[in-house]
Amino acid sequence: MPLHRYGILKGKAVDSLPGTTRSNHFQIRILAKGEDHRIAINVLSNDTKNRDLQFLVIDSFKHPVCDRIRSLPEGFTAVASEPGGMALDFIRGNLFDINQMQILPPSQDGPDNDLNDKIGFYVDQAKARRADVYAFGEKWGPEASKPDQYFGFRPGNGIHDIHMNQGNPPGPHAGDNGVWQDGAVLIHFPEDDRWVAYFLKFQSQTVHTEEPGGETPEPGTPGGTPGGTPIGGTPELTNGLRILAALVNPAGEDAGTEQVLLFNPLSKAVSLDGWGLLDSQKRKETLSGQLASGETKTVHLSGKQAQLANKGGIITLVDQAGLKIHGVSYTQEQVRTQGEWVVF
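Quick note: numbering that gives the first Met the number 0 has the sequence shown finishing at residue 343, numbered continuously throughout.
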């Protein structure tokens, strides 16, 4: 069963504790409308074979989800696990390039080289500059009968599962699988309108999942194998086609005049028969024909299938099996001027 209380906790960071082998989590104390909460971020897995997590921090994060969440009130907001809203999905949401994730230990000698260092750097800035912190995950509490075990406030209250929540292999965490319910931390520094984003996943989690429930694909089916797909072995790399640019806001009527530019960097031609372009609502523009090596192809969207919203959105290229090959996102600001292409 997917997460029970998925949503976003917004507030100000007032204290933090680094993760240890005892707790496995980096702890952040959050104050929201006068109430205390705790964010528990995994820095170590219980998996005895692959204990270190995969991690990515983006210090100038731009995505339409930022505009959707910036006006949220402080405190916890329940979020529907569906596309086109405030929910996150590492695979389908085109938040970042998963191939850029690094495997990092929770702690090791030296500066800026482990998860505690990476997370703590911007959390310290958030505390000093009173930035807004947004934690995506599953809520717990309030627990009136006991104080928080790390910071001592009452009632115990907070949010966890601040990581990818799909693609878990059979075992104790398979029941958490679901689409559009991934966890992350975003920090907004309002003085320069800059967003910082933290993304984490376990090595055991596969990169591609089935649509209903986000389960790990069975062995022998397209999309990965149980136990986790290696970072360098995804279809995004092996199939190689890329979305280079898009005309999201054409001059005049949008429907039927929007365009997407594809590029084939491979050494051979690729058949696009059965491939597709998906928009933010998962509407599919079906593709056909060949794309030769080193060539580009301009796809004219019909206006009856995939449509590119001017308020910000995503574009995803999928192959004939429905697997993601490449994905991009754009913000409302990037498409404000009619007739200009967005280059990715």
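Don't be surprised by glycine CBs; every beta carbon is placed ideally from N, CA and C.
Residue i versus residue j - alpha carbon distance
| i | j | result |
| --- | --- | --- |
| G83 | L16 | 34 Å |
| P110 | V56 | 16 Å |
| G275 | V269 | 13 Å |
| H187 | Q101 | 23 Å |
| V317 | I29 | 39 Å |
| P218 | N49 | Confidence at P218 is low in this model, with a pLDDT of 48, below 50, so its placement is unreliable and no value can be given for it. |
| V132 | K267 | 46 Å |
| G232 | G33 | Note that G232 has pLDDT 49, beneath the 50 cutoff, so the model's placement of it is unreliable and the number below is only indicative. So the two alpha carbons sit approximately 47 Å from each other. |
| V78 | A86 | 6 Å |
| I314 | K283 | 10 Å |
| H3 | P234 | 31 Å |
| D147 | N156 | 7 Å |
| V173 | W179 | Note that residue 173 is Ala in the sequence shown here, rather than Val. Near 16 Å, if we compare the C-alpha coordinates of W179 and A173. |
| Q107 | K138 | 30 Å |
| Q280 | I90 | 14 Å |
| G312 | N167 | 27 Å |
| F60 | G136 | 19 Å |
| E252 | Q331 | 17 Å |
| N23 | F95 | 25 Å |
| T228 | A250 | Legend: pLDDT at T228 = 31, less than 50; position of this residue unreliable, value from coordinates given subsequently. C-alpha separation (whole angstroms): 43 Å. |
| K296 | A308 | 21 Å |
| T285 | E294 | 19 Å |
| H346 | S144 | The requested residue 346 is not part of the displayed model; the chain covers only 0 to 343. |
| C65 | L260 | 25 Å |
| N265 | N238 | Position check: residue 265 holds Leu in this sequence, whereas Asn was assumed. Cα-Cα distance, rounded: 8 Å. |
| Q124 | I27 | 13 Å |
| E142 | Y149 | 14 Å |
| T336 | T256 | 15 Å |
| Q99 | W194 | 18 Å |
| I158 | A183 | 11 Å |
| V334 | F152 | 45 Å |
| D191 | K310 | 21 Å |
| R21 | T47 | 14 Å |
| K323 | P63 | 19 Å |
| D88 | D175 | 14 Å |
Secondary structure of residue i, DSSP reduced to three states
| i | result |
| --- | --- |
| E347 | As shown, the chain starts at 0 and ends at 343. That puts residue 347 outside it, with no answer to give. |
| Y197 | strand |
| G275 | strand |
| Q53 | strand |
| G239 | coil |
| A125 | helix |
| N41 | strand |
| A31 | strand |
| F120 | helix |
| A173 | helix |
| P225 | Caution is warranted here: a pLDDT of 28 is assigned to P225, below 50, making its placement in the model unreliable, and the coordinate value is therefore given only provisionally. Reduced to three states, the DSSP call for P225 is coil. |
| L265 | coil |
| L114 | helix |
Nearest-angstrom Cβ-Cβ length linking residue i and residue j, presumed shorter than 8 Å
| i | j | result |
| --- | --- | --- |
| N161 | A39 | It is Ile, not Asn, that sits at residue 161 in the sequence shown. 7 Å between Cβ atoms; contact. |
| Q258 | L246 | 4 Å |
| Q344 | D272 | The structure shown does not extend to residue 344, since the chain is modelled only from 0 through 343, so no value can be given for it. |
| P1 | G177 | 3 Å |
| N41 | L52 | 6 Å |
| N263 | S292 | 6 Å |
| L243 | V122 | Incorrect: roughly 36 Å between the Cβ atoms, too far for contact. |
| N115 | F25 | 6 Å |
| P105 | L43 | 5 Å |
| S80 | Y5 | 6 Å |
Do the region 6-17 and the region 72-86 touch if we need at least three Cβ pairs shorter than 8 Å?
yes
On the three-pair Cβ rule with 8 Å, is the region 321-335 touching the region 284-300?
No, they do not touch.
Is it the case that the region 201-209 contacts the region 56-72, given that we only count it when at least three CB pairs across the two stretches are under 8 Å?
no
Complete runs of the beta strand (DSSP E) confined to the region 127-167 [at least 3 residues]
131-142, 155-159
Which ranges does the alpha helix (DSSP H) cover as unbroken runs of at least 4 residues, wholly within the region 3-28, from first to last along the chain?
Inside the region 3-28, DSSP marks no whole alpha helix (DSSP H) run of 4 or more residues.
Starting from the N-terminal side, write out each stretch of the alpha helix (DSSP H) that is 4 residues or longer and does not extend beyond the region 61-99.
63-68
Meets three-Cβ-pair contact criterion under 8 Å: the region 188-201 and the region 147-162:
yes
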